[in-house]
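For the protein sequence lines, the chains are R and E, in the order given.
Numbering follows full-length UniProt numbering, with no gaps: position 172 of the first sequence is 172.
Numbering follows full-length UniProt numbering, with no gaps: position 63 of the second sequence is 63.
Every residue gets a Cβ at the ideal spot worked out from N, C-alpha and C, and that includes glycine.
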Amino acid sequence: MADRLSATDLTAVFADFQRAVERDRDLLTELDTAVGDGDHGTNLDRGMRAAVEALAAIPQDTPGGVFNLVGRRLVSTVGGASGALYGTAFLRAARAAGAAEALDAATCTAVLRDATTGIAERGKCATGDKTMYDVWMAASTAAAAAAGDGLPALLAAASTAAGAAEQEMVPWQARRGRASYLGERSKDHRDPGAVSSRLLFGCFAAWADA
Amino acid sequence: MKRLYNSPDTVVSEALEGIALTHPELLRVAHDPTYLARVDAPVAGRVAVVSGGGSGHEPMHVGFVGPGMLSAACPGELFTSPTADQVEAAVRAVDAGAGTVLVVKNYSGDVMNFEMAAELLAADGVATETVLVADDVAVEDSTYTSGRRGVGATVLVEKVCGAAAERGDSLAQVAELGRRVCARSRSLGFALSAGTVPATGRRSFELPDDEIEFGVGIHGEPGRERRPMQPVDALVDRAMAAICADFGADELAGDVLLFVTGLGSATPLECSIVARRAVQDLDRRGLRVARNLVGSYMTSLDMLGVSLTVLVLDEQLAELWDAPVRTAALRWGR
């Protein structure tokens with residue numbers, strides 16, 4: 001059980017996330033088709049492939065460097081709300097990680113908090129709007145509460161909270177993003193951004209658990 | 001699904017190459033990041049007008065690049081907003097130092113990416129003004145939603161802003177005219193079938209033969225409500241009633257511009273039938289349809305449906321509408 005997350009570890013987590021998105025691409029797109037325009041799976045897949053390729057071509061020495069490269073690639077290849085939101089989250093994460101050689105529980109808490117704030121600012125969303133922000137906020141809050149128990153416990157808590165939030169949101173009515181245009185009809189649908197976010201936190205927890 | 005696509009992956013790039021190859025006198029295409037720009041841009045002393053959005057809405061926006069309308073357009077992937085890089089590169093290519101008006105449809109992805117680009121440009125001293133189009137009356141506008149979608153009025157904003165820029169108006173003036181068009185426009189669309197997404201080959205929603213989606217957007221997202229199919233006249237009446245009811249009591253008077261756009265699969269025959277009823281309806285309300293545009297100008301792949309837009313004209317807006325325009329999809333005057 002590693003208690004510090006290095007640039008190599010983070011690169012592996014993103015490679016894992018890319019595979020998860022590729023595997024669930026059709027599910028994400030299907031969920032998005034019900035409430036939006038049906039491009040979440042294909043877009044995030046395209047962006048994460050580009051990000052993983054960039055990490056292979058330009059290996060990074062610090063977690064901050066990894067977050068920065070992934071954020072930049074997502075912003076410039078994805079488009080749509082998901083590119084802007086995920087891109088902003090990782091760019092903010094990069095800033096919070098700074099030049100640290102590895103992330104410990106305290107730095108990870110700060111990284112998650114700043115990334116979450118970035119999503120809220122970029123998307124002008126709040127908790128309860130039924131967007132990916134709800135999942136990030138739940139994960140971030142749980143991570144902060146578990147920070148004293150070390151990095152693996154923190155990542156496990158974040159992942160569990162993300163999964164619970166994603167489920168809890170299903171009956172809600174969307175108030176931001178394209179799903180909000182459906183009004184009442186957005187109820188009882190899973191939010192695609194919440195699902196992909198839950199996948200990401202699952203990849204972090206799986207790394208810690210390995 | 002049988003379509004004239006070589007491959008779902010190359011639909012957008014091949015279409016852009018096609019438009020550039022067939023209109024070399026008007027526009028040029030740039031790749032990585034992708035945008036189309038007027039060949040003569042930047043035009044000295046003139047404000048630039050840049051718009052963009054997901055592909056699949058052709059001829060919007062790529063067909064509206066040229067003198068009298070857009071300086072550049074940035075097309076994203078299908079139904080996906082352009083990236084901030086695309087917007088930034090397009091603005092840098094056409095900004096002549098007089099500033100750039102960004103015409104943005106109110107969809108979260110578009111808003112965020114244009115906003116990021118504007119931040120990057122501002123850091124380098126490039127001035128932009130954003131005109132946010134949010135004309136779709138199907139969407140309830142409250143503090144609990146992302147506001148209304150931007151649909152048909154976008155085409156009208158682009159024409160008016162382009163004409164104002166062409167005559168030499170300042171950045172603030174061009175933006176003000178764009179916002180005036182937004183404030184005086186309302187739209188509503190309905191569809192008998194959804195568009196077919198090339199990647200999946202499937203319609204983005206399925207409709208039984210006897211039902212329609214009322215209040216659709218332009219990205220294959222379902223409408224506000226599903227209703228039983230009715231004769232066209234009844235559908236148009238319902239749409240016009242919703243559009244007109246949304247204007248303030250004293251806002252809807254005098255001359256109006258009626259814009260009827262097919263959403264991809266509606267034939268010119270069908271668009272004319274819709275326009276016929278819409279003109280009759282406006283006439284009954286004591287309004288004069290002084291200008292109109294009827295045809296498929298803002299589409300949603302092969303969606304079978306129409307969107308109706310009413311713009312309350314004033315003298316200046318009518319003059320800018322009549323000003324010469326030379327683009328692939330819209331051209332008159334000169």
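Within a 10 Å sphere around the beta-carbon of PRO42(E) sit 16 or more other beta-carbons, which makes this residue buried. Take the alpha-carbon of ALA328(E) and the one of PRO24(E): they are about 10 angstroms apart. In the three-state reduction of the DSSP assignment, TRP332(E) falls in the strand class. By the Cβ-count criterion, GLU251(E) is exposed, with fewer than 16 other Cβ atoms from all chains shown falling within 10 Å of its own Cβ.
With respect to LEU27(E), VAL181(E) sits apart: the two C-beta atoms are not nearer than 9 angstroms.
Under the Cβ criterion of 9 angstroms, THR33(R) is counted among the residues facing chain E. In this structure, MET303(E) and ALA153(E) do not form a Cβ contact; the two beta carbons are roughly 18 angstroms apart against a cut-off of 8 angstroms.
Proximity of the stretch 67–87 of chain R to the stretch 99–117 of chain E meets the contact definition, three or more beta-carbon pairs being nearer than 8 angstroms.
Neighbourhood of VAL78(R) in chain E, by CB distance below 8 angstroms: THR80, THR83, in chain order. Within 9 angstroms of the CB of ASN68(R), no CB atom of chain E is found; the nearest one sits about 15 angstroms away.
Between the alpha carbons of LEU269(E) and LEU112(R) lies a distance of about 56 angstroms. Taking a C-beta distance under 9 angstroms as the contact criterion, PHE79(E) and VAL151(E) do not qualify as a contact pair. A direct Cα-to-Cα measurement between ALA138(E) and SER71(E) gives close to 31 angstroms. Contact note: LEU182(R) reaches chain E through GLU221, PRO222, ARG224, using a C-beta cutoff of 8 angstroms and chain order. Around the beta carbon of HIS61(E), 16 or more other beta carbons lie within 10 angstroms, which makes this residue buried. At least one CB of chain R lies nearer than 9 angstroms to the CB of THR200(E).
For ASP37(R), the neighbours in chain E by C-beta distance under 8 angstroms run, in chain order, GLY54, PHE79, THR80, SER204, HIS219, GLY220, GLU221.
Not flagged as an interface residue toward chain E: THR116(R), since no C-beta distance is shorter than 9 angstroms. Assignment of beta-bridge partners to ARG288(E) by DSSP yields ASP255(E). Apart from sequence neighbours up to five positions away, the residues of its chain that approach ALA165(E) with a beta-carbon distance below 6 angstroms are ARG46, VAL47, VAL49, VAL174, ordered along the chain. Between the alpha carbons of ALA93(E) and VAL12(E) lies a distance of about 21 angstroms. For PHE247(E) and HIS57(E), the gap between their C-alpha atoms comes out near 27 angstroms. Assigned with DSSP and collapsed to three states, ARG186(E) falls in strand.
Think of a sphere of 7 angstroms around the beta carbon of SER146(E): the chain R residues whose beta carbon falls inside it are ARG176, GLY177, SER180, in chain order.
Runs of the beta strand (DSSP E) lying entirely within the stretch 195–250 of chain E and spanning at least 3 residues, in chain order: 211–214, 225–228.
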